[in-house]
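Student:
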Amino acid sequence: MTFQTQLRIPGPTPLPERVVRSMNRPMIDHRGPEFAAILAEITAGAKRVFKTSNDLLLLTSSGTGGLESAVANLVSPGDEVVAAVCGNFGERFAALATAYGADVVRLEFEWGQPVDPKDLEAVLERHPKAKVVLLTHNETSTGLTNPLEALARVAHQAGRIVVVDGVSSISSIAIDTDGWGIDVAVSGSQKGWMAPPGLALVSVSDRAWAQQERARSPRFYFDWKEAKVWAEKGMTPFTPAVGVVFALQEGLHMIEEEGLSAVYERHERLARGTQAGLQALGFQLYAQEGYRSNTVTSALPPAGLDVAALRTALNDRYGVVIAGGQAKMAGKMIRVGHLGAVAAGDVVQVVWAIEQALEELDIAPADGRGVAAVTNSLQGVAAAAR
Ligand SMILES: Cc1ncc(COP(=O)(O)O)c(C=O)c1O
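One point on numbering: in the working numbering, the residue at position 86 of the sequence shown is 67, and numbering is uninterrupted.
(1) According to DSSP, is Val143 part of a helix, a strand, or is it coil?
(2) What residue does the beta strand (DSSP E) around Glu61 start on, and which one ends it?
(3) For a test of your reading of the model: does the CB of Asp146 fall under 6 Å from any non-hydrogen atom of ligand 1? Yes or no.
(4) Report yes or no: do three or more beta-carbon pairs, one from the region 5 to 20 and one from the region 108 to 116, lie closer than 8 Å?
(5) Suppose the cutoff is 6 Å on Cβ atoms and the five residues either side in sequence are ignored; what does the same chain contact list for Val30 look like?
(6) How do the region 121 to 137 and the region 159 to 167 stand: do at least 3 beta-carbon pairs fall below 8 Å, yes or no?
(7) Go through its chain and collect everything with a Cβ distance to Asp100's Cβ below 7 Å, but skip five positions before and after it.
(8) For ligand 1, any of its heavy atoms closer than 6 Å to the Cβ of Gly173?
(9) Just confirm the distance between the C-beta atoms of Arg(-11) and Val301, as a whole number of angstroms; I'd bet it's less than 8 Å.
(10) What is the rounded straight-line gap between the Cα of Asp187 and the Cα of Asn35?
(11) Quick test of your reading: Pro178 and Gly169, contact by CB under 8 Å. State the CB separation rounded to the nearest angstrom.
(12) Alpha carbon to alpha carbon, what distance is there between Leu129 and Asp97?
(13) Out of curiosity, what's the CA-to-CA distance linking Asn119 and Gly312?
(14) If you check the beta carbons only, do Met314 and Tyr267 fall under 7 Å apart?
(15) When the distance is taken between beta carbons, is Ala334 closer than 7 Å to Glu368?
(16) Arg188 lies in the alpha helix (DSSP H); which residues open and close that run?
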């Protein structure tokens, strides 16, 4: 018997009760003063999280819609665009630009490896006409966080428009949008923001607006100009996901109450704990050391373990839901999400459940190794902080 599903996928993330309750209310007029006040509050709060004084647009779509808006507003058919690819989401961003007719220059790295700023510099030198650079902050498919500050600086200093997929990082992993020279950053409500899917948050710099004027891709629903004009009147151009807006407002309250630096530290602590627990259970961490993500841990299974059987056992008998690999890593890895409303006990629980399931599947006895490792890590980090 399981009483409550433990959602340990890298998004959608668990909803805190406060957030669930925030949505339990009648609809409001999305063209009225109450909505305008909430929109203003969310915009200001999100700007603090993004660390930007640029425009911040709220679009009703999943994260991919925010990314598509960036391409639709910045790229003209035939334009050279540099896309740094080190996993499935980088791949998708490149495919998105190709779909808009861009001539995509791929800077590719092996899955599990980060994008190297020196290689980015070299590719930009070779492609002086590429105005737009697409970067992924946290590559959710491989559980890796790219060295965004260095990458963004290289592209910014080369005079390019820096576009960052921060869907699974912003609000959980530090970013300094303005300080690092990021022109466009995109996130999604269902990740660290602790809200359901349905809203994309997009920051747009002056340089990006100038490029937007020049770019000639077709755009309508995702026209940033429209979003900005309407935002200035306290509205969105089209009917927004009002319920998700309530949730995002509450999620932001919780982030601000905890404090951004505490939120980032918690994510780091939980990531280290999860990594320690999985390693003790014989999993091999997939992402290169030094670049492992604080929001999602990816790992290759111990010999003989069928990932699908593990996930089924976890789901059916422990109510714990984890993710598998994507694309070429489907069936070959596990991914454990620990972003948003996740606490120390939650990562102990997921490691405990995996340990139990490994015994059930005749891989290894459940002797407490995993739980001890995750607990030691959590306590060690806490002790070091005291
Ligand atoms: C890094 C990254 N980019 C893009 C996306 C796509 O976002 P969505 O599924 O909200 O469209 C995700 C979702 O997991 C992601 O993690």
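Beta carbons: idealized from backbone N, C-alpha and C, even for Gly.
Tutor: Taking the definition as stated:
(1) Annotated three-state conformation of Val143 is strand, per DSSP.
(2) For Glu61, the enclosing beta strand (DSSP E) stretches over residues Glu61 to Val66.
(3) The nearest non-hydrogen atom of ligand 1 is less than 6 Å from the C-beta of Asp146.
(4) The way I'd put it, the region 5 to 20 doesn't touch the region 108 to 116; fewer than three beta-carbon pairs between them come closer than 8 Å.
(5) Answer for Val30: Ser152, listed in chain order.
(6) By the C-beta criterion, the region 121 to 137 is judged to be in contact with the region 159 to 167, since at least 3 inter-stretch pairs fall below 8 Å.
(7) Counting only Cβ-Cβ distances below 7 Å, and skipping sequence neighbours, we find Leu88.
(8) Remark: the shortest separation between the CB of Gly173 and any heavy atom of ligand 1 does not fall under 6 Å.
(9) Indeed they touch by this definition, with Cβ atoms about 6 Å apart.
(10) A direct Cα-Cα distance of roughly 7 Å separates Asp187 from Asn35.
(11) Their Cβ separation, rounded to whole angstroms, is 7 Å, which keeps Pro178 and Gly169 in contact under 8 Å.
(12) When rounded, the distance between both Cα atoms is 10 Å.
(13) Approximately 21 Å between the Cα atoms of the pair.
(14) Cβ atoms of Met314 and Tyr267: closer than 7 Å.
(15) Since the first residue shown for the chain is -18 and the last is 367, residue 368 is missing from the structure and cannot be characterised.
(16) In the DSSP assignment, Arg188 falls within the alpha helix (DSSP H) that extends over Asp187 to Arg195.
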